[in-house]
Amino acid sequence: MSDCIFCRIVDGQIPAKKVFEDEDIIAFNDINPARPVHVLVIPKKHITSLATVTPEDAPILGKVLLKANEIATAQGSPDGFRVIINTGRVGQQEVQHLHAHIVGGPDPVGPMLKRI
Ligand code: AMP
Ligand code: ZN
């Protein structure tokens with residue numbers, strides 16, 4: 009979809025700091041990080057949100073979650089991390105292309121900010 013910012017990142021029309029890519033998914037740093045590790049993992053195929061997935065999307069959703077753990081660990085989140093998938097209007101999803109936020113890093117002083 010040409011008017012979708014994340015599809016344009018997939019197509020290379022908008023630059024992004026990629027941390028992983030394969031034939032199905034891509035992961036890149038969030039442009040406005042909330043924590044030292046803040047990566048977005050997205051399917052390359054345009055899927056609007058978790059509210060529009062179908063059973064045939066199950067393998068790709070599994071890949072997103074598996075990669076979330078790998079990326080959080082590789083980037084330095086030794087004591088855990090958050091995975092957030094904002095969905096729809098009430099879920100305050102701003103970009104209408106399914107994405108999982110991976111938010112982590114070293115242990116924060118106090119509870120982790122729940123901004124996302
Ligand atoms: P959400 O509110 O879950 O839809 O989050 C959208 C996220 O996309 C926000 O955290 C933005 O900072 C991030 N974002 C928007 N545009 C870009 C971009 N061009 N590159 C990287 N991250 C982006
Ligand atoms: Zn898209």
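If you're matching positions, the sequence shown starts at 9 in this note's numbering and goes up one per residue. From the three backbone atoms N, C-alpha and C, an ideal C-beta is built for every residue, glycine too.
Per DSSP, the continuous alpha helix (DSSP H) segment holding Arg-16 begins and ends at 13-18. When DSSP states are grouped into helix, strand and coil, Ala-80 belongs to the helix group.
Under DSSP, Val-49 forms a beta bridge with Ala-35, Ala-108. One Cα belongs to Glu-64, the other to Val-45, and the distance between them is close to 30 angstroms. Contact annotation: Ala-66 and Val-49 have beta-carbon atoms that are not nearer than 8 angstroms. Taking 8 angstroms as the upper bound for CB-CB distance, Ile-110 and Val-91 are in contact here, some 6 angstroms apart.
Apart from the 5 residues on each side of it in sequence, Ile-93 sits with its Cβ closer than 6 angstroms to the Cβ of Leu-58, Ala-108 in its chain, given in chain order. Ile-68 and Ile-22 do not touch by the CB rule: their CB atoms are close to 21 angstroms apart, not below 8 angstroms. In this structure, DSSP gives Glu-29 an extended state, which the three-state scheme calls strand. For the set Ser-85, Ile-124, Asp-11, the Cα lying nearest the Cα of His-54 is the one of Asp-11.
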